[in-house]
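Student:
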Amino acid sequence: MSACATAGTPNFAGQWGYRQTCGWNHSANLELRSTGKSYTGSWDDGTRVRGDNGQLRGEVQGDRLMLRFCTQTSDQPCSDFDQIGGYAVRKGTALHWYRKSGDSYSPYLVLQQAKAGKQVPADNQCDEEEPKDDVAPER
């Protein structure tokens, strides 16, 4: 593949993270490794109450990285990559993550590139009231 063919293709590779230090203490991470127009990697997403993690696969379509997720459990390795569950778009230095909701996609999180030895900036735009119970919001 020539350099001209990939010049307009966004680079999604790297470690990407999101974190809150208020509210539910939501955090998420995507690790993306490029294999041409395809990507592989891992993901985690959760709150102070619960979360999930696993592996992912992605395919570049235009300016989007279409993502398929596999949730990993302690007794079963990740092998079933579900239908496309979301996509990511590079906007400047940030990675915008959109999740599938019915037949469309909704904005989910804005992730920052994680640098070795440094935390990603915190998103502290939380409701003023702390949740009253330990039941996480619907995801």
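Numbering (the working numbering), first residue to last: 949 to 1087.
By construction, the Cβ of each residue, glycine as well, lies at the ideal position given by its N, Cα and C atoms.
Remember, it's a predicted structure, so these values are computed and weren't measured experimentally.
Exposed or buried, what is Q1067 when buried is set at 16 or more other beta-carbons lying within 10 Å of its beta-carbon?
Tutor: What you label residue 1067 is simply residue 119 of the sequence shown in a count that begins at 1. Burial check for Q1067: the Cβ neighbour count within 10 Å stays below 16, so the residue is exposed.
Student: Give the straight-line distance between the Cα atoms of R996 and Q1003, rounded to the nearest whole angstrom.
Tutor: As a working mapping, residue 996 is identified with position 48 in the sequence shown. As a working mapping, residue 1003 is identified with position 55 in the sequence shown. Those two C-alpha atoms are separated by around 21 Å.
Student: If we require 3 or more residues per run, which beta strand (DSSP E) segments fall completely within the stretch 1004-1045?
Tutor: 1012-1019 and 1032-1039
Student: At a cut of 8 Å, does the stretch 960-978 reach the stretch 1016-1034 through at least three beta carbon pairs?
Tutor: Counting C-beta pairs closer than 8 Å gives fewer than three between the stretch 960-978 and the stretch 1016-1034, which falls short of the contact rule.
Student: For a test of the three-state rule: what should DSSP assign to W964, helix, strand or coil?
Tutor: Here residue 964 corresponds to residue number 16 of the sequence shown, with the count starting at 1. W964 falls in the strand class under three-state DSSP.
Student: Look at L1043 and Y966 and say whether their C-beta atoms are less than 7 Å apart.
Tutor: Along the sequence shown, one-based indexing puts residue 1043 at 95. Along the sequence shown, one-based indexing puts residue 966 at 18. For L1043 and Y966, no; Cβs fall outside 7 Å.
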